[in-house]
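A short worksheet on the structure shown next.
In this note's numbering, the protein residues as written are 618 to 1108.
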């Protein structure tokens, strides 16, 4: 691993960190407010969508919220469900089954919507690339409102209204749609779901994303939502002290796991229920499912490492044994470890599911789209993508991808980016207070990595069954998580 210390621009650590992040408006960064981003919240199509929703409420029409099975989709669906029911609307959620239906709008899902008696369907966190599905919705007399944040194609779906922004997560787009329709206290309460989705969907925590999370965290830490309270208690967290780490690594995985292995509708039920007994059961079920998911993922990653061919410039890993719900996690871990684009495929009898993760500089969704003739569907972002493929086409798909990335360098060394070098004598409370000013941390605003020199390292030992490294540096207690294997290098 190569160390890369960023250029020094200031002796003041706060100023250096601001420079590293490209922050020019210090006040807006340290005191983010949604009011500062009013223009970004006024998304094209909102007014027309609101008129159709009000019409449905007046005519007592059933409205279907067509969500997604990840945290963003679940939280966005909860936002619309809670907002619309507060207005007296008849609402039912529809969350597609990951294994049986896959991501986004489908003919199966739209038929189910039609059979429910609805004439209006609102998507959350999906739909912007659903050209054929939007056409089918029109054929069966469904009014389709698309709310989404994913990258669009050159052509947009023929929907009644499209409310789309790439500046925020899908749940935030849903919140923007209803924020002027509901009472102020409901609008503010729903920000906690936007915060959960923003962190879990890896939206950069600078600018608008930072404002959503800052305001949403305040709501979350005094929440009265029965489902969240039960989940927080089940996870062993303390209300009032929840931060982005807790969202990203403790709450989020529990909400996600149920959609990976079972049906994500139970996560939505948890967020929307007012029944304490039901909420406790659901929170326990989500936690138990997450434990199962963790073990399945660990086993799959071990299998994936064996498949990696270090000579390849892209790693395309396949297995009949992997659940479609964990392949994104497998691809992410292998990509991180080998600094190469990775595609993990859960092989099915006729249709297989794939998930991709990429490195900086390689737009993986665009690379995969160049293989569209082999695929059933594809969608995603530059760094991550998901797709379905006919199983018989996997070998051809592999060959095409390997040809497309042939110009990549033979070796890519992972880089540890260090924000600043600090004197070991500065590792005191004042330094920690400076770093705390940059919270909430997350994608786009990572916890700063600092380097120190000439520290005396003593009392070196491993903890946690040898997984973690514990030591003293200039008599200061330190721990390095996941670095137990470097103990012998320091001894």
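In this text, a Cβ means the ideal position worked out from N, Cα and C, and glycines have one as well.
Own chain residues within Cβ distance below 6 Å of residue i, not counting five before or after
{"i": "residue 1122", "result": "Because the chain in this structure spans residues 618 to 1108, residue 1122 falls outside the shown range and cannot be described."}
{"i": "residue 950", "result": "918"}
{"i": "residue 778", "result": "662, 665, 666, 762"}
{"i": "residue 660", "result": "780, 782, 793"}
{"i": "residue 804", "result": "796"}
{"i": "residue 1058", "result": "861, 1064"}
{"i": "residue 1100", "result": "1086"}
C-alpha gap between residue i and residue j, whole angstroms
{"i": "residue 966", "j": "residue 1008", "result": "7 Å"}
{"i": "residue 665", "j": "residue 691", "result": "24 Å"}
{"i": "residue 995", "j": "residue 989", "result": "8 Å"}
{"i": "residue 791", "j": "residue 657", "result": "13 Å"}
{"i": "residue 972", "j": "residue 693", "result": "22 Å"}
{"i": "residue 1037", "j": "residue 1048", "result": "12 Å"}
{"i": "residue 823", "j": "residue 740", "result": "26 Å"}
{"i": "residue 872", "j": "residue 881", "result": "8 Å"}
{"i": "residue 912", "j": "residue 1032", "result": "29 Å"}
{"i": "residue 854", "j": "residue 801", "result": "28 Å"}
{"i": "residue 1046", "j": "residue 1016", "result": "55 Å"}
{"i": "residue 621", "j": "residue 1069", "result": "14 Å"}
{"i": "residue 1097", "j": "residue 1087", "result": "6 Å"}
{"i": "residue 829", "j": "residue 789", "result": "8 Å"}
{"i": "residue 730", "j": "residue 923", "result": "44 Å"}
{"i": "residue 857", "j": "residue 846", "result": "11 Å"}
{"i": "residue 624", "j": "residue 1066", "result": "14 Å"}
{"i": "residue 916", "j": "residue 979", "result": "28 Å"}
{"i": "residue 703", "j": "residue 799", "result": "7 Å"}
{"i": "residue 752", "j": "residue 668", "result": "22 Å"}
{"i": "residue 908", "j": "residue 878", "result": "11 Å"}
{"i": "residue 723", "j": "residue 807", "result": "28 Å"}
{"i": "residue 1108", "j": "residue 1080", "result": "15 Å"}
{"i": "residue 813", "j": "residue 626", "result": "34 Å"}
{"i": "residue 890", "j": "residue 745", "result": "30 Å"}
{"i": "residue 1083", "j": "residue 895", "result": "39 Å"}
{"i": "residue 1075", "j": "residue 1089", "result": "5 Å"}
{"i": "residue 1062", "j": "residue 931", "result": "28 Å"}
Option in the options with minimal Cα separation from residue i
{"i": "residue 964", "options": "738, 946, 1011, 921", "result": "1011"}
{"i": "residue 876", "options": "712, 1090, 665, 739", "result": "712"}
{"i": "residue 1094", "options": "799, 681, 1073", "result": "1073"}
{"i": "residue 1001", "options": "981, 1014, 857", "result": "981"}
{"i": "residue 904", "options": "852, 931, 866, 630", "result": "852"}
{"i": "residue 821", "options": "782, 1060, 879, 809", "result": "1060"}
{"i": "residue 1143", "options": "913, 850, 957", "result": "The structure shown does not extend to residue 1143, since the chain spans only 618 to 1108, so no value can be given for it."}
{"i": "residue 728", "options": "754, 1086, 902, 631", "result": "754"}
{"i": "residue 943", "options": "960, 983, 1081, 954", "result": "960"}
{"i": "residue 929", "options": "746, 952, 937, 882", "result": "952"}
{"i": "residue 941", "options": "625, 715, 642, 1040", "result": "715"}
{"i": "residue 1051", "options": "625, 921, 630", "result": "630"}
{"i": "residue 935", "options": "968, 909, 906", "result": "968"}
{"i": "residue 1092", "options": "660, 1067, 1041", "result": "1041"}
{"i": "residue 708", "options": "645, 683, 1108", "result": "683"}
{"i": "residue 945", "options": "927, 926, 921", "result": "921"}
{"i": "residue 1054", "options": "645, 628, 925", "result": "645"}
Nonlocal neighbours in the same chain, by C-beta distance under 7 Å from residue i, ignoring five residues either side
{"i": "residue 718", "result": "725, 726"}
{"i": "residue 775", "result": "751, 752, 755"}
Cβ-heavy atom distance, residue i to the ligand SAM, below 6 Å
{"i": "residue 865", "result": "Ligands displayed in this structure: none; no statement on the ligand SAM is therefore possible."}
Cutoff 8 Å; reference residue i; Cβ partners in own chain excluding five residues on either side
{"i": "residue 859", "result": "834, 837, 838, 849, 868"}
Point to revise | Segment contact, 8 Å Cβ cut-off, at least three pairs: the region 831-839 with the region 652-671 | key: Output reads no: the region 652-671 does not touch the region 831-839.
Review point. Do the region 729-737 and the region 752-769 meet, that is, are 3 or more Cβ pairs less than 8 Å apart?
Key: Enough Cβ pairs lie closer than 8 Å, so yes.
Check your understanding: Counting Cβ pairs, one atom from each stretch, are 3 or more of them under 8 Å apart for the region 694-703 and the region 770-780?
Key -> Below 8 Å, too few C-beta pairs join the region 694-703 and the region 770-780 to call them touching: fewer than three.
**Study point:** Inside the region 759-794 only - alpha helix (DSSP H) runs reaching at least 4 residues
**Key:** Here no run is fully enclosed.
Check your understanding: Whole alpha helix (DSSP H) runs in the region 702-765 with 4 or more residues, listed along the chain?
Key -> Within the region 702-765, the complete alpha helix (DSSP H) runs of at least 4 residues are 724-732, 748-756.
Check your understanding: Hey, which unbroken runs of the alpha helix (DSSP H) at 4 residues or more fall wholly within the region 870-946?
Key -> Taking only runs of at least 4 residues, the alpha helix (DSSP H) segments lying wholly in the region 870-946 are 882-889, 893-924.
Practice item. Could you pull out every unbroken beta strand (DSSP E) segment of at least 3 residues lying fully inside the region 938-1001, listed in chain order? Key: Here the runs fully enclosed are 959-963, 968-974, 992-997.
**Study point:** Continuous beta strand (DSSP E) assignments of at least 3 residues falling wholly in the region 799-848
**Key:** The DSSP assignment places no complete run of the beta strand (DSSP E) inside the region 799-848 (cut-off: 3 residues).
Review point. In chain order, which alpha helix (DSSP H) runs of at least 4 residues are fully inside the region 1011-1079?
Key: Scanning the region 1011-1079 from its first residue to its last, the whole alpha helix (DSSP H) runs of 4-plus residues come out as 1011-1021, 1046-1053.
Exercise for review: Scan the region 640-706 and note each continuous beta strand (DSSP E) run of 3 residues or more that stays entirely inside, going in chain order.
Suggested key: The qualifying runs are 679-683.
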